[in-house]
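Participant: Take 97 as the starting number for the sequence shown in this note's numbering and just add one per residue.
Where a beta carbon is used, it is the ideal one built from N, C-alpha and C, also for glycine.
Computed from a prediction, not measured in an experiment: that's the story for all the values here.
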Amino acid sequence: MTWKPSQKRMQVVRPGRASRRMAQKSKGSFPANATALLPIPGHPAVTAHHVPREGQAMPDETYLVTGAMGCIGAWVLKHLVERNAKAISADLGTDPVRPRLIMDDSQIGQVDWRVLDITDTAAVKALVAEAGVTRIIHLAGLQIPFCRANPPLGAAVNVLGTVNMFEAALASGTSGLVYASSLAALGPASSYDSWPLGDDVAPDPRTLYGVYKVANEQTARVYAADAGVGSVGLRPCVVYGVGRDQGVTADFAKAILAAVAGVPFHIRSGGTIPMQHASDVARMFIGCADADVKQARVCNMRNDVITVSDFVERLTAIFPGATITYETAEEFPFPADLDDEGLQGLLVDVPHTPLEEAMLQDAAMYRDLLDRDRIDLEQLKQ
97 MTWKPSQKRM QVVRPGRASR RMAQKSKGSF PANATALLPI PGHPAVTAHH
147 VPREGQAMPD ETYLVTGAMG CIGAWVLKHL VERNAKAISA DLGTDPVRPR
197 LIMDDSQIGQ VDWRVLDITD TAAVKALVAE AGVTRIIHLA GLQIPFCRAN
247 PPLGAAVNVL GTVNMFEAAL ASGTSGLVYA SSLAALGPAS SYDSWPLGDD
297 VAPDPRTLYG VYKVANEQTA RVYAADAGVG SVGLRPCVVY GVGRDQGVTA
347 DFAKAILAAV AGVPFHIRSG GTIPMQHASD VARMFIGCAD ADVKQARVCN
397 MRNDVITVSD FVERLTAIFP GATITYETAE EFPFPADLDD EGLQGLLVDV
447 PHTPLEEAML QDAAMYRDLL DRDRIDLEQL KQ
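1. Got a sec? Which residues, its chain only, sit under 8 Å from Pro-301 by beta carbon, not counting five neighbours each side?
2. When the Cα atoms are used, what is the spatial distance from Pro-127 to Ile-414?
3. Looking only at its chain, what residues have a beta carbon closer than 6 Å to the beta carbon of Gln-440, apart from the 5 residues adjacent to it on each side?
4. Could you check what DSSP says for Leu-330 in three-state terms: helix, strand or coil?
5. Closest to Cys-304 by CA distance: which of Phe-428, Leu-238, Leu-443, Asn-260 is it?
6. If distances are taken between C-alpha atoms only, which option among Cys-384, His-373, Val-444 comes closest to Leu-330?
7. Candidates Leu-411, Leu-434, Cys-395: which alpha carbon is nearest Asp-458's?
8. How many angstroms separate the CA atom of Asp-400 from the CA atom of Gln-372?
9. Would you mind sorting Arg-393 into buried or exposed? The rule is 16 or more other CB atoms within 10 Å of its CB.
10. If we count the other Cβ atoms within 10 Å of its Cβ and call it buried at 16 or more, is Gln-478 buried or exposed?
11. Could you please give the first and the last residue of the uninterrupted beta strand (DSSP E) stretch that includes Ala-186?
12. Rounded C-beta distance between Gly-339 and Ala-374? I'm assuming under 8 Å.
13. In angstroms, rounded to a whole number, what distance separates the CA positions of Val-211 and Asp-187?
14. On the CB-based measure, 16 or more other CB atoms within 10 Å of its CB, does Val-404 come out buried or exposed?
15. Count the other CB atoms within 10 Å of the CB of Asp-464; is the residue buried (16 or more) or exposed (fewer)?
16. If you compare alpha carbons, which of Glu-178, Gly-417, Leu-451, Val-224 is closest to Thr-270?
17. Decide if Asp-341 is buried, meaning its Cβ has at least 16 other Cβ atoms within 10 Å, or exposed.
18. Of all the options Ser-365, Ala-351, Glu-437, Leu-473, which has the alpha carbon lying nearest to the alpha carbon of Leu-456?
19. Roughly how many whole angstroms lie between the Cα atoms of Val-142 and Asp-388?
20. Let's see if you can read the secondary structure: which residues bound the alpha helix (DSSP H) around Glu-285?
21. Run through the segment 330-398 for me and flag every whole beta strand (DSSP E) of 3 or more residues, listed as ranges in chain order.
22. Quick one: any contact between the segment 239-246 and the segment 192-204, if contact means 3 or more CB pairs under 8 Å?
23. DSSP state of Ile-471, grouped into three classes?
24. Would the beta-carbon of Gly-326 fall within 8 Å of that of Gln-391?
25. Give the secondary structure of Asp-156 by DSSP, where H, G and I count as helix, E and B as strand, and everything else as coil.
26. Quick check: what's the CA-CA separation for Arg-364 versus Ala-425?
27. With 16 other CB atoms within 10 Å as the buried threshold, where does Arg-468 fall?
28. Under 8 Å between the Cβ atoms of Asp-386 and Arg-244?
29. In whole angstroms, what separates the C-alpha of Ala-285 from that of Ala-432?
30. I'd like to know if the segment 202-219 and the segment 154-174 are in contact, where contact means that at least 3 CB-CB pairs between them fall below 8 Å.
31. Quick check for students: name the residue ranges of the beta strand (DSSP E) that lie wholly in the segment 241-288, counting only runs of 3 or more.
32. Need the endpoints of the beta strand (DSSP E) that Thr-215 sits in, please.
33. If distances are taken between C-alpha atoms only, which option among Thr-217, Ala-227, Ile-233, Asp-200 comes closest to Ile-91?
Rendered as structure tokens:
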């Protein structure tokens with residue numbers, strides 16, 4: 097079936113005049129004014145047009161962030177620290193590699209770092225109770241290839257781990273719970289014939305990872321109905337930004353890094369994709385945790401809907417010397433035209449950094465990390 101775009105909210109973005117002028121001036125080098133668009137770690141962040149605001153004190157809130165060593169988790173920690181909120185990182189890992197890419201030592205020192213096995217029900221409940229957690233942002237999980245390679249472990253981490261968050265919230269009376277579902281809970285575009293797809297669209301997962309995410313959405317529904325535990329499940333799509341370095345959809349973040357480093361790179365997909373910047377996604381998770389939802393909500397995420405060819409055109413307009421190619425025969429396996437009205441209703445103003453601006457921000461951060469030898473280009477090898 098041919099993908100049918102929404103005429104109402106279609107956001108296919110194309111290179112603007114500003115980017116072309118900048119590209120002409122840069123002559124293949126790093127854009128001279130890009131560093132002005134995003135400060136390096138340790139300096140105030142760009143304020144987007146949505147809540148919560150950086151610097152907003154949250155003395156009575158304690159946030160538990162699972163999977164905080166991942167890309168989205170790192171950005172969640174950064175924004176929480178900038179709000180002066182108490183943030184607890186819960187992960188099996190002990191080395192904050194990704195958080196250090198976007199946070200300075202002072203910010204790292206403000207996080208309460210904990211080691212937690214989310215499949216251990218007693219340990220999860222004990223941490224939430226002992227730390228007085230008031231908001232849970234549950235991001236921990238194994239991605240598609242790991243679930244395919246080890247289904248029992250994938251189910252334990254992705255399903256049991258999520259059940260344990262609900263159990264802990266129920267036992268401790270935690271008021272805000274948001275968890276990461278996924279676009280993988282849905283089927284391919286050919287499964288649907290009415291666009292854009294709403295939050296309540298029928299799931300049709302084609303991977304075990306997607307099946308586990310559907311199980312989590314249904315788990316949330318039952319906990320709300322039976323025990324009054326409200327929650328929000330968010331369905332991230334193609335998340336890009338500094339710190340995104342795993343999975344096929346990480347190719348878009350890697351392409352920006354490759355352009356900055358002057359390394360050729362091939363994006364392993366084509367077609368039309370829905371993209372969200374990791375910083376925006378992190379703010380969405382925080383906003384939903386703060387929303388005090390009483391029901392079980394599941395929300396699509398949208399922001400930029402763009403063809404891979406347009407993404408490459410936009411990036412190479414900024415870096416004319418970059419060699420970025422993409423797969424013309426491999427279409428994106430999930431729907432791209434998603435309705436995010438449910439999320440708009442929760443957050444009022446959904447975080448959205450325009451794609452070109454986000455590219456420049458990421459490029460500035462990557463340039464700084466490369467100059468300080470703080471990022472490994474081995475991730476660009478496929």
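Facilitator: Looking at the coordinates:
1. Around Pro-301: Ala-280, Ala-281, Leu-282, Gly-283, Val-307, Lys-309, Val-310.
2. Reliability of the predicted coordinates at Pro-127 is poor, the pLDDT of 42 falling under 50, and the value obtained from them is presented with this limitation in mind. Cα to Cα, the separation comes out at about 7 Å.
3. Shown here for Gln-440: same chain residues with a beta carbon closer than 6 Å to its own, the five before and five after excluded, namely Val-446 in chain order.
4. strand
5. For clarity, residue 304 is Leu in the given sequence; the question names Cys instead. When only C-alpha atoms are compared, the closest one is Leu-238.
6. Cys-384
7. Leu-411
8. Asp-400 and Gln-372 have their C-alpha atoms roughly 7 Å apart.
9. Label assigned to Arg-393: buried.
10. exposed
11. Taken as a continuous stretch (DSSP letters only), the beta strand (DSSP E) holding Ala-186 covers 181-187.
12. The beta-carbon separation of Gly-339 and Ala-374, rounded to 6 Å, stays under the 8 Å limit for a contact.
13. 5 Å
14. buried
15. buried
16. Val-224
17. buried
18. Ala-351
19. Low per-residue confidence applies at Val-142: pLDDT is 31, beneath 50, and the placement is therefore not dependable, though the value from the model is reported in the following sentence. Cα-Cα distance, rounded: 26 Å.
20. The sequence shown places Ala at residue 285, rather than the Glu named in the question. Unbroken run through Ala-285: none, as it is neither H nor E.
21. 334-336, 361-363, 368-373, 392-396
22. no
23. coil
24. yes
25. strand
26. Straight-line Cα distance between these residues: approximately 10 Å.
27. exposed
28. no
29. Between Ala-285 and Ala-432, the C-alpha separation is close to 8 Å.
30. yes
31. 272-276
32. No beta strand (DSSP E) holds Thr-215; DSSP gives it neither H nor E.
33. There is simply no residue 91 to check, as the chain begins at 97 and stops at 478 in what is shown.
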